[in-house]
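Numbering (my numbering), first residue to last: 78 to 617.
Glycine is no exception: its CB is placed at the ideal position from the N, C-alpha and C atoms.
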Amino acid sequence: MRQIESRIDVGSDGHATNRAAYAAMLEELRERMQWAIDGGPKRERSIERHLERGKVMVRDRIDMVIDDGSPFLELSTLAGWGQYDDEAPGAGIVTGIGLVHGVPWMFIANDATVKGGSLLPASIKKHVRAQDIAAENDLGCIYLVDSGGAFLPLQDEVFPDKDHFGGSFYRQARMSACGLPQLSVVLGGSTAGGAYVPALSDEVVMVEGIGRIYLGGPPIVKAALGEIVEPDDLGGARIHTHVSGVADYIAADEAEAYAKLREICLTTNRRRIDDRQSWLDRIEPEPPAHHPTELYGVISADPRIPFEAHEIIARIVDGSRFAEFKPDWGESVVCGFARVWGHLVGVLANNGIIFNESALKATHFIELCEQRRIPLLFLQNTSGYMVGKDSEAAGIAKNGAKMVAAVANATVPKYTVLVGGSYGAGNYGMCGRGFNPRFLFTWPNSRIATMSAETAQTVLVDIRLAGLRGDQTSEEEIARLRAEVAEQYETHSDPYYATSRLWDDGIIDPADTRDVLGLCLSLAAIQDEPAPGPGLVYRM
Ligand code: COA
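Structure below.
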């Protein structure tokens, strides 16, 4: 494969300006990540109390379970950001992928220092999303349970619907039936519905003195039956391991519990991440010829100035090597083959608006990858499909639909990174959240919306003027409408607004993109090959 020749002068003033602007964005990302880890009002007191009880902080718990020195890919760290009066850093739950004896596992761990580890709407979405990732990537799940269950003041938003609390138990039971081990360590509350997390697990460890499982806690038992009972006598580790059999192993403390958990993991007969037998083509990895940190200077500080897709690809893929498909046709979608950490992938990257030819080329390329069983990597940076008389007459709606249909039906693993704008149907054709990429990550400079704030102002003002209220609309009202729309679109297209609502799996530092994708691809590599799908009808 030929190496991409960069046209960027990394010593130029423009590059330095871009780097400085990006450094500020990364600083903001790091501060907000840190806030998710230890911030939030009243949190200090909760953390103190948690530690006084001899309990370990949630991320340290995960560290105690995973292999020494191995990476942990934390997902959606900023879920809940800017919501719930800023009282729910990380939405009170930590999810991510870590290695135990070299085998990848999905961790779902409650953070009892945030609202008692109870599940807010963003928390349940994060819990269920982690389970969906586990199911699709054939990962067993490890639940570190320390939770007040459903967040009761918002019970209508976490309890009744399909992907709410019930949906998490449905997934747990189905994954177990598919042979994906479900293991729990109970380190705190596991009450009412929450009791089903351990109860539906294949094996359960409980820590004496802190772990409690009951369908109704002592206050409910007193109200319902008049019985007065101590929490440990009702649902402590001793009762459940010696009397009820709800749990399987008792541990004196957290360290002993994690040692037991690691021993259980050894008996689950799962494939290790370094298993070389794979349906995916993989060779020895090679670092990019152009350093990934140069991405900070490639991305324009001014969002109106576009940046080149090849320059992005060159800083993500092995050896910056790229075998480009149809390089001289439909240039606004760059397609080609490359390797990420040795894994062969088909890359689709935008260079602005998607035109008719670009949509057809992308469709052709997706079909090629599907036929050759090569994973797809989408790098989104588009304002959408081309509009206008000529484009419509050339059939942009049906050509865009071919691309969208090809993406929807591709059965090979798909991965998406928002490296810039993700607007309009471009989001669909380039495998946005609705098209089930296995993982979707965003960069701090990305934006996601139906259209840009500038376009939305014009469109909404034009709609008002053409409508029934058009005649009575004053200049002042138009100015107010423009300002309102601009503010709304800017807020709603912000990547932090998106990540708070789990529209992605997390905001990442562009320089980490290659490593994050490498880990995601290595999960697919140790799976069985997904079955190819049926042929589809293309509107010609
Ligand atoms: N819904 C809403 N808030 C909850 C909650 C829930 N299910 N569980 C805990 N919280 C809140 C508490 O109100 C408290 O909030 P505050 O700090 O604003 O006062 C915070 O979480 C910490 O709870 P607290 O009881 O002080 O902590 P604890 O460590 O002593 O006990 C639990 C933790 C989880 C054992 C205990 O809070 C509990 O039993 N919660 C209710 C469990 C339940 O019945 N759930 C039913 C779900 S269907």
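Discussion item. Would residue 432 and residue 407 qualify as a contact pair, given that the criterion is a beta-carbon distance under 8 Å?
Written reply: Taking the first residue of the sequence shown as position 1, residue 432 is located at position 355. Taking the first residue of the sequence shown as position 1, residue 407 is located at position 330. Yes, the pair counts as a contact, with Cβ atoms nearer than the cut-off.
Worksheet item: Name the DSSP bridge partner or partners of residue 422?
Response: Along the sequence shown, one-based indexing puts residue 422 at 345. According to DSSP, which records beta bridges pairwise, residue 422 is partnered with 415.
Fill in: Span of the alpha helix (DSSP H) around residue 354
Mapped onto the sequence shown, residue 354 falls at position 277. Residue 354: not part of any alpha helix (DSSP H); DSSP gives it neither H nor E.
Worksheet item: So, using beta-carbon positions, are residue 217 and residue 192 closer together than 8 Å?
Response: Locating residue 217 in the sequence shown gives position 140, counting from the first residue. Locating residue 192 in the sequence shown gives position 115, counting from the first residue. Taking 8 Å as the Cβ cut-off, residue 217 and residue 192 do not qualify as a contacting pair.
Worksheet item: Among the residues of its own chain, which have a CB less than 7 Å from the CB of residue 176, if the five just before and after it don't count?
Response: Along the sequence shown, one-based indexing puts residue 176 at 99. If we look at residue 176 and ignore the five residues flanking it on each side, its Cβ neighbours are 143, 144, 147, 350.
Worksheet entry | Separation of residue 485 from residue 503, as counted between CA atoms | For the purposes of this step, residue 503 is taken as residue 426 along the sequence shown, with counting starting at 1. For the purposes of this step, residue 485 is taken as residue 408 along the sequence shown, with counting starting at 1. Taking the straight line joining both Cα atoms gives about 13 Å.
Discussion item. By the DSSP assignment, the beta strand (DSSP E) with residue 283 in it spans what residues?
Written reply: Within the sequence shown, the letter at position 206 stands for residue 283. Bounds of the beta strand (DSSP E) holding residue 283 are 280-284.
Fill in: Residue closest to residue 483, alpha-carbon to alpha-carbon, out of 439, 284, 511, 600
Translated into the one-based positions of the sequence shown, residue 483 becomes position 406. Closest option to residue 483, Cα to Cα, is 439.
Fill in: residue 322 beta carbon less than 8 Å from that of residue 360
Against the sequence shown, residue 360 aligns to sequence position 283. Against the sequence shown, residue 322 aligns to sequence position 245. Not closer than 8 Å, so no.
Worksheet item: In chain order, what residues of the same chain have a beta carbon less than 7 Å from the beta carbon of residue 559, not counting five sequence neighbours either side?
Response: Walking along the sequence shown from the start, residue 559 turns up at place 482. Taken in chain order, the residues that qualify are 534, 538.
Worksheet entry | Three-state secondary structure assigned by DSSP to residue 391 | One-based indexing of the sequence shown puts residue 391 at position 314. Here DSSP, grouped into helix, strand and coil, assigns residue 391 to coil.
Worksheet item: Considering only C-alpha positions, which residue in the set 346, 328, 188, 87 is nearest to residue 178?
Response: Residue 178 sits at position 101 when you count from the first residue of the sequence shown. The shortest C-alpha separation from residue 178 is found at 346.
Discussion item. So, does the segment 515-533 touch the segment 470-480, judging by three or more C-beta pairs under 8 Å?
Written reply: Between the segment 515-533 and the segment 470-480, the count of C-beta pairs closer than 8 Å stays below three; the two stretches do not touch.
Worksheet item: What do you get for residue 84, buried or exposed, if any count of 16 or more other CB atoms within 10 angstroms of its CB means buried?
Response: On the sequence shown, position 7 is the one that residue 84 refers to. With fewer than 16 Cβ atoms within 10 Å of its Cβ, residue 84 is classed as exposed.
Item to complete: Check whether the Cβ of residue 195 sits closer than 7 Å to any heavy atom of ligand 1, and report yes or no.
Response: One-based indexing of the sequence shown puts residue 195 at position 118. Correct: residue 195 has its Cβ closer than 7 Å to ligand 1.
Fill in: the segment 451-458 contacting the segment 488-499, beta-carbon criterion three pairs below 8 Å
Contact holds: three or more Cβ-Cβ distances are below 8 Å.
Fill in: Close Cβ partners of residue 158 (< 6 Å) along its chain, the five nearest in sequence each way excluded
Position 81 of the sequence shown, counted from the start, is the residue given in the question as residue 158. Short of 6 Å from the beta carbon of residue 158, and not among the five residues preceding or following it, lie these beta carbons of its own chain, in chain order: 573, 577.
Worksheet item: Among the residues of its own chain, which have a CB less than 6 Å from the CB of residue 613, if the five just before and after it don't count?
Response: The count along the sequence shown starts at 1 and reaches residue 613 at position 536. The residues are 482, 486.
Fill in: residue 181, enclosing beta strand (DSSP E) - first and last residue
For the purposes of this step, residue 181 is identified with residue 104 of the sequence shown, where counting begins at 1. 180-187 is the span of the beta strand (DSSP E), which, as asked, contains residue 181.
Worksheet item: Counting Cβ pairs, one atom from each stretch, are 3 or more of them under 8 Å apart for the segment 91-102 and the segment 359-375?
Response: The answer is yes - the segment 359-375 touches the segment 91-102, with three or more Cβ pairs under 8 Å.
Item to complete: Answer yes or no: do residue 365 and residue 392 have a C-beta to C-beta separation smaller than 8 Å?
Response: As a working note, residue 365 is residue 288 in the sequence shown. As a working note, residue 392 is residue 315 in the sequence shown. For the pair residue 365 and residue 392, the CB atoms are nearer than the 8 Å cut-off.
Fill in: Buried versus exposed, by CB contacts within 10 Å (16 or more), residue 257
Taking the sequence shown and counting its residues from 1, one reaches residue 257 at position 180. Burial call: buried.
Practice prompt. Might you give, ordered along the chain, the residues of its own chain that have their beta carbon closer than 8 Å to the beta carbon of residue 109, omitting 5 neighbours on each side?
Written response: Locating residue 109 in the sequence shown gives position 32, counting from the first residue. The residues are 155, 158, 573.
Worksheet item: How about residue 264: is its Cβ closer than 7 Å to a heavy atom in ligand 1?
Response: For the purposes of this step, residue 264 is taken as the residue at position 187 of the sequence shown. Incorrect: residue 264 has no Cβ contact closer than 7 Å to ligand 1.
Discussion item. Can you check which of these residues, 324, 352, 283, is closest to residue 333 by C-alpha distance?
Written reply: Here residue 333 is taken as the residue at index 256 of the sequence shown, counted from 1. Ranking 324, 352, 283 by Cα distance to residue 333 puts 283 first.
Worksheet item: Can you round the beta-carbon distance between residue 181 and residue 174 to whole angstroms, since I take them to be within the 8 Å contact cut?
Response: Counting from one through the sequence shown, the residue named residue 181 turns up at place 104. Counting from one through the sequence shown, the residue named residue 174 turns up at place 97. Between residue 174 and residue 181 the Cβ distance is about 5 Å, and since that is below 8 Å, they are a contact.
Worksheet entry | beta strand (DSSP E) runs wholly inside the segment 484-508, at least 3 long, in chain order | Here the runs fully enclosed are 491-500.
Discussion item. Can you tell me where the beta strand (DSSP E) holding residue 458 begins and where it ends?
Written reply: Reading the sequence shown from its first residue, position 381 is the one you call residue 458. Segment 453-459, the beta strand (DSSP E) holding residue 458.
Discussion item. Could you tell me the alpha carbon to alpha carbon distance between residue 120 and residue 231, rounded to whole angstroms?
Written reply: In the sequence shown, residue 120 corresponds to position 43, counting from 1. In the sequence shown, residue 231 corresponds to position 154, counting from 1. Roughly 20 Å between the two C-alpha positions.
Discussion item. My parser needs the beta strand (DSSP E) runs of 3 or more residues fully inside the segment 269-347; what are they?
Written reply: Fully enclosed beta strand (DSSP E) runs of 3 or longer: 280-284, 289-291, 326-328.
Item to complete: Would you mind reading off the limits of the alpha helix (DSSP H) that contains residue 543?
Response: On the sequence shown, position 466 is the one that residue 543 refers to. Note, residue 543: alpha helix (DSSP H), 530-543.
Practice prompt. Enumerate in chain order the residues of its own chain whose CB-to-CB distance from residue 139 is below 8 Å, with the five nearest sequence positions on each side excluded.
Written response: On the sequence shown, position 62 is the one that residue 139 refers to. Excluding positions up to five away in sequence, the list reads 149, 171, 173, 175, 184, 186, 221.
Worksheet item: Sorted by chain position, which residues of the same chain lie with C-beta nearer than 6 Å to residue 249's C-beta, five sequence neighbours on each side aside?
Response: Locating residue 249 in the sequence shown gives position 172, counting from the first residue. Within the same chain, residue 249 has close Cβ partners 259, 277.
Worksheet item: Could you check where the beta strand (DSSP E) with residue 173 kicks off and where it finishes?
Response: Stepping through the sequence shown from its first residue, residue 173 is reached at position 96. For residue 173, the enclosing beta strand (DSSP E) starts and ends at 170-177.
Discussion item. Does the segment 261-270 come into contact with the segment 288-303, if we say contact requires no fewer than three beta-carbon pairs (one atom in each stretch) closer than 8 Å?
Written reply: With the cut-off at 8 Å, the segment 261-270 and the segment 288-303 touch.
Discussion item. On the CB-based measure, 16 or more other CB atoms within 10 Å of its CB, does residue 536 come out buried or exposed?
Written reply: Indexing the sequence shown from 1 puts residue 536 at position 459. When all chains shown are included, residue 536 counts as exposed.
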